[in-house]
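Here's the structure we're looking at; comments come further down.
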Amino acid sequence: MIRYICRHCDGLICETSKCPVCGNRTDILKTSIFYCDECNAPSFDENCPVHKSKNKLIGTDLRPVFAEERLLLEILLKKPMIYAGKSIWSTASNTYWIDGKKLKLNLAELSKTNPIDVIKDINKYQKENRKYVDLDFDNEHINTFIRINSYRLNTITEEAIEYIRGITQHYDLSSIFVSFSGGKDSTVTSNLVIRAMDTEKIVHIYGDTTLEYPESAKYIVEFRKRFPEVPLLVAKNNAQTFSDLCTIVGPPSRVLRWCCTVFKTGAITKKIEQVFDDKKNILSFQGIRRSESASRSKYDRSSNNSKITKQTTASPIIDWLDFDVWLYILSNKLPFNNAYRQGFSRVGCWCCPNNSNWSEFLSSIYMHDEYTKFHDLLYEFAKRVGKEDWQEYIDSGNWKARQGGNGLKYSENAVVNFKPCALESNAYNYDLTRPITENLYTLFKPFGILNYDMGNKRLNEVYVLDKQTNNPILKLSGRLGTTSLRINILSNTGMFKYPKTAEQALKNQITKYQTCIACGYCQAVCRFNALKVTNVKPGSVSNESVRYTIDSDLCAGCLECVKHFDSGCYMKKVLRVKKG
Numbered sequence: 202m203i204r205y206i207c208r209h210c211d212g213l214i215c216e217t218s219k220c221p222v223c224g225n226r227t228d229i230l231k232t233s234i235f236y237c238d239e240c241n242a243p244s245f246d247e248n249c250p251v252h253k254s255k256n257k258l259i260g261t262d263l264r265p266v267f268a269e270e271r272l273l274l275e276i277l278l279k280k281p282m283i284y285a286g287k288s289i290w291s292t293a294s295n296t297y298w299i300d301g302k303k304l305k306l307n308l309a310e311l312s313k314t315n316p317i318d319v320i321k322d323i324n325k326y327q328k329e330n331r332k333y334v335d336l337d338f339d340n341e342h343i344n345t346f347i348r349i350n351s352y353r354l355n356t357i358t359e360e361a362i363e364y365i366r367g368i369t370q371h372y373d374l375s376s377i378f379v380s381f382s383g384g385k386d387s388t389v390t391s392n393l394v395i396r397a398m399d400t401e402k403i404v405h406i407y408g409d410t411t412l413e414y415p416e417s418a419k420y421i422v423e424f425r426k427r428f429p430e431v432p433l434l435v436a437k438n439n440a441q442t443f444s445d446l447c448t449i450v451g452p453p454s455r456v457l458r459w460c461c462t463v464f465k466t467g468a469i470t471k472k473i474e475q476v477f478d479d480k481k482n483i484l485s486f487q488g489i490r491r492s493e494s495a496s497r498s499k500y501d502r503s504s505n506n507s508k509i510t511k512q513t514t515a516s517p518i519i520d521w522l523d524f525d526v527w528l529y530i531l532s533n534k535l536p537f538n539n540a541y542r543q544g545f546s547r548v549g550c551w552c553c554p555n556n557s558n559w560s561e562f563l564s565s566i567y568m569h570d571e572y573t574k575f576h577d578l579l580y581e582f583a584k585r586v587g588k589e590d591w592q593e594y595i596d597s598g599n600w601k602a603r604q605g606g607n608g609l610k611y612s613e614n615a616v617v618n619f620k621p622c623a624l625e626s627n628a629y630n631y632d633l634t635r636p637i638t639e640n641l642y643t644l645f646k647p648f649g650i651l652n653y654d655m656g657n658k659r660l661n662e663v664y665v666l667d668k669q670t671n672n673p674i675l676k677l678s679g680r681l682g683t684t685s686l687r688i689n690i691l692s693n694t695g696m697f698k699y700p701k702t703a704e705q706a707l708k709n710q711i712t713k714y715q716t717c718i719a720c721g722y723c724q725a726v727c728r729f730n731a732l733k734v735t736n737v738k739p740g741s742v743s744n745e746s747v748r749y750t751i752d753s754d755l756c757a758g759c760l761e762c763v764k765h766f767d768s769g770c771y772m773k774k775v776l777r778v779k780k781g
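Numbering (the working numbering) for the sequence shown: 202 to 781.
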């Protein structure tokens, strides 16, 4: 049961996320999940639709516990197969309901168990557990769960399909795609979109971050078999590896998750540009839900505020609970990622710093070799940046809270050294951390037209001309192969009217030149497809292998790529060093 409240109508209690009186968005006031002891299954309703009796309240959301996770818990409790065949559900990370009886576990204590011993026991009981695994879609508890919640299923399904049909009226099929992560939410979203549009021929884009759970790759294969007409495209960054980047810029943290930018946003942006290059606006269906996190609770169902430009995002299941997602999957017998069977509540990047300690423990069991390699990488990083208690720093999880590039050699590139010229006004002398190449001048195309003929060729002077008036606005002077650059501001209009603004804009572009590793984020913010960032030496993590190109005919001079990040480049944020 979900209750909403409308803040615009004096606290009016509503049944949906849209107020029936004023039409504004409402906030979730309360969610409740119940259990019918007679049916031995969870219910969305306070009263059992079969027995008409009052159900007991057991939590605010719920997910099923499959045979694989059950066996794991039994092994950790040293009671193998004791709960086999029972109705098992989880309402919180450490709270389970077994045939309607509450079992609270100390996961922190259980996760101290040696993963090698757990792996041996799982293999020992795997054959005996197999028959329960095979019954996951066809056991009496699942069937009862589906039957007593059929009204809820029909209600949310019809509403979601109606929403999809409404928003797709303004788009043709060639302008629509499903953002497909391989998780349960995008699985449901995909199926709803296919049903609403009555066709499988809808582009799906899967972002392969190279950090996915092994079960995710298997699921993609299974999905293609089940829905053979779905054009499922893979977006992947083949230019860099996660381990190499960790060595250069340090592992991602909860504060600085550069991995999402480099291996997800950037790769997906490039794939979207390849597929929808001639489209001015595209519609992306996503499986985002407000109940997932505090930050997502503020999301709108339809939005143009995407990390990727040209894109309107639509979230058909934004108000669904885990309860609803699993009800839909189990009712429609949809294939899903087997990582959920193992006990992972969320799937994505297995080494994400936002993962819980319990998820880490599960990774140490189900992908032990990868887990060990990653922790060895973390230990090496901690020692390299001078952590005296390096092992404790990693084992305690403190690495997840790290900020900036302290101790990293590459962080030196994030510092722009310059000083105003003593002989000329509005002139700045820069001491770069990498030699000047032709690629440097490309970064000044957003300001205007590059002219290589007006200046002194001996000094390698390049002028930047105003696109409207053709008047000079900047002069760049620096010999190729050297690290000394002078920039003269020749105009006092627009951005260059205010010295501080002008100084920051120039500094932003120099920062890009020194720190860019082709993450692709600035390419994602360009609405005009004018900007391309490529790594010409796949596998190399170096600013010297980056090619930054801007199509002058497409560039509108909006300067979004210059000012989108406070310091010009996303990597500057990652590498910023704390002083003092």
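Ideal placement from N, C-alpha and C gives every residue a C-beta, glycine not left out.
Closest to Trp459 by CA distance: which of Cys553, Lys511 and Asp386 is it? Residue mapping note: residue 459 aligns to position 258 of the sequence shown, counting from 1. If we check each option's Cα against that of Trp459, Cys553 comes out closest.
Using the DSSP secondary-structure output, state which residues sit across from Pro673 in a beta bridge. Position 472 of the sequence shown, counted from the first residue, corresponds to residue 673. BP columns for Pro673 point to Leu666.
Own chain, CB closer than 7 Å to Arg208, minus 5 neighbours either side, in chain order: To locate residue 208, count along the sequence shown from 1; it is residue 7. Setting aside the 5 residues that flank it on each side, Arg208 is surrounded in the same chain by Asp228, each with a C-beta closer than 7 Å to its C-beta; the list follows chain order.
Exposure of Lys676, with buried meaning 16 or more beta-carbon neighbours within 10 Å: Counting from one through the sequence shown, the residue named residue 676 turns up at place 475. That one is buried.
Compare the beta carbon distance of Ser376 and Leu531 with 8 Å and say whether it is the shorter of the two. To locate residue 376, count along the sequence shown from 1; it is residue 175. To locate residue 531, count along the sequence shown from 1; it is residue 330. No, these two residues do not count as a Cβ contact at 8 Å.
Considering only residues of the region 481-517, which uninterrupted alpha helix (DSSP H) runs meet the minimum length of 4 residues and lie entirely inside it, listed in chain order? The qualifying runs do not exist here; there are none.
With DSSP collapsed to three states, give me the class of Asn744. Taking the sequence shown and counting its residues from 1, one reaches residue 744 at position 543. Correct three-state label for Asn744: helix.
Can the beta-carbon of Glu270 be found closer than 8 Å to that of Arg542? Position 69 of the sequence shown holds residue 270. Position 341 of the sequence shown holds residue 542. One thing to note: Glu270 has its Cβ within 8 Å of the Cβ of Arg542.
State the Cα-Cα distance for the pair Ser504 and Asp667, rounded to the nearest angstrom. What you label residue 504 is simply residue 303 of the sequence shown in a count that begins at 1. What you label residue 667 is simply residue 466 of the sequence shown in a count that begins at 1. Going by the C-alpha atoms only, they are around 35 Å apart.
Under 8 Å between the Cβ atoms of Cys720 and Pro647? Counting from 1 along the sequence shown, the entry for residue 720 is found at position 519. Counting from 1 along the sequence shown, the entry for residue 647 is found at position 446. For the pair Cys720 and Pro647, the CB atoms are not nearer than the 8 Å cut-off.
Going by CA-CA distance only, name the one from Arg585, Asn482, Lys321 and Ile489 that's closest to Thr369. Residue 369 sits at position 168 when you count from the first residue of the sequence shown. Restricting attention to Arg585, Asn482, Lys321 and Ile489, the CA atom closest to the CA of Thr369 is found in Asn482.
Quick check on the DSSP output: what are the complete beta strand (DSSP E) runs of length 3 or more inside the region 339-421, in order along the chain? Listed in chain order, they are 377-381 and 404-409.
Can you find the residues in the same chain that come closer than 7 Å, C-beta to C-beta, to Asn736, ignoring five residues on each side of it along the sequence? In the sequence shown, counting from the first residue as 1, residue 736 sits at position 535. Taking Asn736 as the centre and dropping the five residues before and after it, the same chain places the C-beta of Ala440, Gln441, Ala719, Ser746 and Val747 closer than 7 Å to its C-beta, in chain order.
Per-residue burial, Ile283 [other beta carbons within 10 Å of its own, 16 or more giving buried]: On the sequence shown, position 82 is the one that residue 283 refers to. Under a 10 Å Cβ-count criterion, Ile283 is classified as exposed, with fewer than 16 other Cβ atoms of the shown protein chains found around its own Cβ.
Might you give, ordered along the chain, the residues of its own chain that have their beta carbon closer than 7 Å to the beta carbon of Phe486, omitting 5 neighbours on each side? Start at 1 with the first residue of the sequence shown, and residue 486 comes out as number 285. Same-chain partners within the cutoff: Val379, Ser380, Thr390, Val394, Ala515 and Pro517.
Within this structure, are the beta carbons of Val778 and Asn607 separated by less than 8 Å? Here the question's residue 778 lines up with position 577 in the sequence shown. Here the question's residue 607 lines up with position 406 in the sequence shown. In this structure, Val778 places its C-beta atom within 8 Å of the C-beta atom of Asn607.
Using a Cβ-Cβ cutoff of less than 7 Å, which residues in the same chain neighbour Ile519 once the five nearest sequence positions on both sides are dropped? The residue given as residue 519 occupies position 318 in the sequence shown. Excluding residues within five positions, the ones whose Cβ falls inside 7 Å are Ile489, Arg490, Arg491, Tyr500 and Arg502.
Applying the 10 Å Cβ sphere with the 16-neighbour rule, what's the burial state of Cys223? Taking the first residue of the sequence shown as 1, we reach residue 223 at position 22. Burial call: exposed.
Quick one: residues in its chain with C-beta nearer than 7 Å to the C-beta of Val266, no 5 flanking neighbours on either side, listed in chain order? Position 65 of the sequence shown, counted from the start, is the residue given in the question as residue 266. Excluding positions up to five away in sequence, the list reads Ile289, Trp290, Ser291 and Tyr297.
Among all the DSSP beta bridges, which residues are the ones paired with Val435? In the sequence shown, counting from the first residue as 1, residue 435 sits at position 234. DSSP, once it has assigned bridges, lists Tyr407 as partnering Val435.
Do the CB positions of Ser864 and Ile674 come within less than 8 Å of each other? An answer regarding residue 864 cannot be provided, because it is not within the stretch 202 to 781 covered by the chain.
For Lys419 and Glu639, the rounded distance between their alpha carbons: To locate residue 639, count along the sequence shown from 1; it is residue 438. To locate residue 419, count along the sequence shown from 1; it is residue 218. Straight-line Cα distance between these residues: approximately 45 Å.
Within 10 Å of its beta-carbon, does Ala309 have 16 or more other beta-carbons around it, so buried, or fewer, so exposed? Taking the sequence shown and counting its residues from 1, the one referred to as residue 309 is at position 108. That one is exposed.
What are the residues that DSSP puts in a beta bridge with Tyr236? Mapped onto the sequence shown, residue 236 falls at position 35. Paired residues: Pro243 and Lys257.
Nearest to Lys738 by alpha carbon, out of Asp211, Asn438 and Asn392? Within the sequence shown, the letter at position 537 stands for residue 738. The candidate whose alpha carbon is nearest that of Lys738 is Asn438.
If you compare alpha carbons, which of Gly260, Cys240 and Ile323 is closest to Pro281? As a first step, residue 281 is located in the sequence shown; it is residue number 80 there, counting from the start. Nearest option by C-alpha distance: Ile323.
So what does DSSP say about Arg635, is it helix, strand or coil? If you number the sequence shown from 1, residue 635 lands on position 434. Here Arg635 sits in coil by DSSP.
Figure out for me which residue from Glu493, Gly758 and Ile203 has the closest Cα to the Cα of Leu732. Indexing the sequence shown from 1 puts residue 732 at position 531. Sorting Glu493, Gly758 and Ile203 by C-alpha distance to the C-alpha of Leu732 places Gly758 at the top.
Please state the DSSP three-state secondary structure of Asn614. Counted from its first residue, the sequence shown places residue 614 at position 413. Helix, per DSSP.
For the alpha helix (DSSP H) that Thr712 lies in, which residues bound it at each end? Working through the sequence shown from its first residue, we reach residue 712 at position 511. Counting along the chain, the unbroken alpha helix (DSSP H) around Thr712 starts and ends at Pro700 to Thr716.
Kindly indicate which residue of Lys287, Cys622, Lys219 and Ser494 has the alpha-carbon position closest to the one of Ala268. Walking along the sequence shown from the start, residue 268 turns up at place 67. The shortest C-alpha to C-alpha distance from Ala268 to any of Lys287, Cys622, Lys219 and Ser494 is the one to Lys287.
Within the same chain, show all residues whose beta-carbon is closer than 7 Å to that of Glu625, passing over the 5 residues directly before and after it, in chain order. To locate residue 625, count along the sequence shown from 1; it is residue 424. Once the five neighbours on either side are set aside, the close Cβ partners of Glu625 are Asn689.
Could you pull out every residue in the same chain whose Cβ sits closer than 7 Å to the Cβ of Pro453, ignoring the five residues on either side in sequence? Within the sequence shown, residue 453 is the residue found at index 252, counting from 1. The beta carbon of Pro453 sits closer than 7 Å to those of Trp459, Cys460 and Pro554, all from its chain and outside the five residues before and after it, given in chain order.
So who's on the other strand from Leu304, going by DSSP bridges? Sequence index remark: in the sequence shown, residue 304 carries index 103 (1-based). DSSP, once it has assigned bridges, lists Tyr297 as partnering Leu304.
heavy atom of the ligand GDP below 7 Å from Ala725 C-beta: Looking at this structure, you won't find the ligand GDP or any other ligand, since it has none at all.
Considering just the uninterrupted stretch of the alpha helix (DSSP H) at Tyr567, what are its terminal residues? By 1-based counting over the sequence shown, the position of residue 567 is 366. Asn558 to Tyr567 is the span of the alpha helix (DSSP H), which, as asked, contains Tyr567.
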